[in-house]
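Chains as they are written, first to last, in my numbering: chain A, 219 to 486; chain B, 109 to 529. Yeah, the Cβ is synthetic: ideal placement off N, Cα and C, and Gly gets one too. No experiment lies behind these values; they were computed from the predicted model shown. I have placed the structure first, in the form of structure tokens, so that the comments after it can refer back to it.
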């Protein structure tokens, strides 16, 4: 009974003009504990909606979700979230940000200090713990966000394009860090991304979603995440399958985008 | 016009001189190449020299046009005439004509000189002597000592040899003479370009008065007492406004019922200038402290409520979500996310509110008060104590500026994350 089970999830938004949008339709997913799932898809396919529902920020209009056997009914510390732009608390220092979850639970001070110190070591920010978060670079801020999420020891970590705002080099380092943390902590992770390469590198499982209505289009099981743990990600990208898969998925998403926008010929 | 051209002249001259001097000291750097600064407020920093020279220029102009003793005499604008002026008039009566001289002693307003005896001269018109204060004018009853009176048909036909009619004006030594409708010459000494002390006292006169008021007080209350009362009213009114306004703003930001209930009231009261409430507040609460504090409370209330409301509404949803998924309860989110997130907005509101309150308290004291900075300048103006009026305005400005500086400093230390989210 461990793991995240999503059954026939549907989400419809009512528009102010009386119409409605089917953001998700019959999405079913079974995620075992410790699996890393990356979610790809063109804009508007409901990726973020799916994540927000799993996080408990949105109530679905249909379907059931269970985590480790109990129903998900709202936000909870068992499901941590990492946002695209940190969503850090700028009135707190790095240390206070990381310690936010434990503080809310009322963890004793000494235990909290230990947890925070350990995580700051893991993400390599020990020297910055008294700094204000706005004094850090974008990559460091995302590391604080990761540590803050881990400090709560959640069962599932939901990542909404956590590396989307970073430059290419920082991004690559952060991808390695995510893999390392995944392996070390054994957390279940759902990661949304726009980058096909990132989805391939980080996703032990990968789903491609299609829009209108948002649904799962295709699912893959990939070896690259395992290969990438504690390895050079650039080497992983040289794997013969990597480029094949990348082209395949790129074409798939490209076709979907064309379907939305209308083909080039049709519009010409 | 002259004042403006001197001002512009100093502006331009100091711009080039300081520009040359600082450039020589610094050499050229890349900043000087940065010519496009639109939209980048931080690219333009106030030049400290310009600020210093600007203030000095204002004092210089003030001193120049009031004949201040603080600056050397050659810098003074031409002053009013002082001393002995004279002109001759020609009287025609019954076919006879005769000349006589009028001597005018022009004295400072505070003086009252004795008039010397003069030789009356001969002929039908006799010489006259008058005294006149600077910036004033004086009708010359020329026929008082003459043999032929105006009622006998004596009439002035020329001043200093120039033919005149009633209504004409003739420039004479030390002033000008205008013939009135009834034929009497009216002597007005030259005013020069300086301001009369009644309208603009010199800087040292204001400083002297400041010292005097500071040591003796004004109307039974010391200078610090007046300013302190004004400040006390501002602080008391502001604190009352904040105590009610901030929770109200929070409630409006968090509950749709509160929002709906108070929105019309807040949005209606916000554009009403607090000054417009003064009459009503006086009718209801009188001119005492209660009325003033109620007025300032009303001035601060809406500003603080709106600031708190926008601070609460301005919290980004992802921060609230993040806190929820970190296990925070609603109350903890309020305490650890929403309140700290709204503090910068509240501080901005507090700065605005303090400024508005300070302006309002002075205005309220102008209308009716027994103590306070506004009352001081109002009473002084009724007695034409322009120096106290100026002193009051300067002190009000300094205190207003000081309040804003204090609020900024508090903002920097208490909410350093402002604008960094």
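Chain B contact for residue i (CB, 7 Å cutoff)
{"i": "residue 438 (chain A)", "result": "no"}
{"i": "residue 441 (chain A)", "result": "no"}
{"i": "residue 482 (chain A)", "result": "Note that residue 482 (chain A) scores a pLDDT of 49, beneath 50, so its modelled location is shaky; the value from the coordinates is reported in the next line. Taking Cβ atoms only, chain B never reaches closer than 7 Å to residue 482 (chain A), which makes this a no."}
{"i": "residue 295 (chain A)", "result": "yes"}
{"i": "residue 236 (chain A)", "result": "no"}
{"i": "residue 318 (chain A)", "result": "yes"}
{"i": "residue 322 (chain A)", "result": "yes"}
{"i": "residue 370 (chain A)", "result": "yes"}
Min CB distance residue i to chain A below 7 Å
{"i": "residue 429 (chain B)", "result": "yes"}
{"i": "residue 426 (chain B)", "result": "yes"}
{"i": "residue 410 (chain B)", "result": "no"}
{"i": "residue 525 (chain B)", "result": "yes"}
{"i": "residue 320 (chain B)", "result": "no"}
{"i": "residue 522 (chain B)", "result": "no"}
{"i": "residue 490 (chain B)", "result": "no"}
{"i": "residue 528 (chain B)", "result": "yes"}
Residue closest to residue i, alpha-carbon to alpha-carbon, out of the options
{"i": "residue 218 (chain B)", "options": "B:224, B:240, B:443, B:383", "result": "B:240"}
{"i": "residue 341 (chain A)", "options": "A:228, A:400, A:456, A:461", "result": "A:400"}
{"i": "residue 323 (chain A)", "options": "B:477, B:432, B:158", "result": "B:432"}
{"i": "residue 169 (chain B)", "options": "B:377, B:446, B:119", "result": "B:119"}
{"i": "residue 467 (chain A)", "options": "A:257, A:268, A:444, A:391", "result": "A:257"}
{"i": "residue 408 (chain B)", "options": "B:323, B:341, B:359, B:235", "result": "B:341"}
{"i": "residue 97 (chain B)", "options": "B:505, B:441, B:494, B:515", "result": "Outside the modelled stretch of chain B, which goes from 109 to 529, sits residue 97 (chain B), for which no answer is possible."}
{"i": "residue 318 (chain B)", "options": "B:496, B:505, B:122", "result": "B:496"}
{"i": "residue 465 (chain B)", "options": "B:381, B:333, B:297", "result": "B:381"}
{"i": "residue 246 (chain A)", "options": "A:364, A:283, A:287", "result": "A:283"}
{"i": "residue 317 (chain A)", "options": "A:362, A:354, A:281, A:254", "result": "A:362"}
{"i": "residue 410 (chain A)", "options": "A:419, A:402, A:403", "result": "A:419"}
{"i": "residue 473 (chain A)", "options": "A:271, A:438, A:261", "result": "A:261"}
{"i": "residue 275 (chain B)", "options": "B:264, B:391, B:283", "result": "B:264"}
{"i": "residue 393 (chain A)", "options": "A:445, A:231, A:242", "result": "A:445"}
{"i": "residue 322 (chain B)", "options": "B:328, B:314, B:313, B:332", "result": "B:332"}
{"i": "residue 327 (chain B)", "options": "B:445, B:485, B:315", "result": "B:485"}
{"i": "residue 157 (chain B)", "options": "B:171, B:185, B:125, B:183", "result": "B:125"}
{"i": "residue 269 (chain B)", "options": "B:205, B:254, B:258", "result": "B:205"}
Opposing strand residues paired with residue i [DSSP bridges]
{"i": "residue 240 (chain A)", "result": "A:230"}
{"i": "residue 247 (chain A)", "result": "A:224"}
{"i": "residue 294 (chain B)", "result": "B:247, B:286"}
{"i": "residue 257 (chain A)", "result": "A:410, A:425"}
{"i": "residue 205 (chain B)", "result": "B:200"}
{"i": "residue 195 (chain B)", "result": "B:210"}
{"i": "residue 270 (chain B)", "result": "B:267"}
{"i": "residue 289 (chain A)", "result": "A:284"}
{"i": "residue 350 (chain A)", "result": "A:311"}
{"i": "residue 468 (chain A)", "result": "Bridge partners of residue 468 (chain A): none, in fact."}
{"i": "residue 236 (chain B)", "result": "B:210"}
Close Cβ partners of residue i (< 7 Å) along its chain, the five nearest in sequence each way excluded
{"i": "residue 335 (chain B)", "result": "481, 503, 507"}
{"i": "residue 167 (chain B)", "result": "311"}
{"i": "residue 244 (chain A)", "result": "226, 228, 433"}
{"i": "residue 390 (chain A)", "result": "451"}
{"i": "residue 393 (chain B)", "result": "399, 402"}
Cβ shell of residue i (< 6 Å), same chain only, five flanking positions each side left out
{"i": "residue 449 (chain B)", "result": "423"}
{"i": "residue 374 (chain B)", "result": "410, 413"}
{"i": "residue 368 (chain A)", "result": "337"}
{"i": "residue 294 (chain B)", "result": "245, 247, 286, 288"}
{"i": "residue 483 (chain B)", "result": "473, 477"}
{"i": "residue 377 (chain B)", "result": "410"}
{"i": "residue 388 (chain B)", "result": "none"}
Close Cβ partners of residue i (< 8 Å) along its chain, the five nearest in sequence each way excluded
{"i": "residue 349 (chain A)", "result": "311, 312"}
{"i": "residue 398 (chain A)", "result": "447, 448"}
{"i": "residue 372 (chain A)", "result": "295, 296, 297, 298, 405"}
{"i": "residue 364 (chain A)", "result": "300, 341, 380, 395, 396, 399"}
{"i": "residue 415 (chain A)", "result": "455, 464"}
Proximity test, Cβ basis, 7 Å: residue i and chain E
{"i": "residue 479 (chain B)", "result": "Absent from the structure: chain E. Protein chains present are A and B."}
Could you run through the stretch 428 to 461 of chain B and flag, in chain order, every residue whose CB is less than 8 Å away from some CB of chain A? 429, 430, 431, 432, 433, 434, 435, 436, 437, 440, 444, 445, 448, 449, 451
Quick one: which residues of the stretch 345 to 358 of chain A get their C-beta closer than 9 Å to a C-beta of chain B? List them in chain order. 350, 351, 352, 353
Looking at chain B, which residues of the stretch 297 to 309 of chain A have a Cβ within less than 9 Å of any of its Cβ atoms? 297, 298, 299, 300, 301, 302, 303, 304, 305, 306, 307, 308, 309
Name the residues in the stretch 268 to 293 of chain A whose C-beta lies less than 9 Å from a C-beta of chain B; which are they? 270, 273, 274, 275, 292, 293
Using Cβ-Cβ distances below 7 Å, what residues of the stretch 391 to 405 of chain B are close to chain A? none
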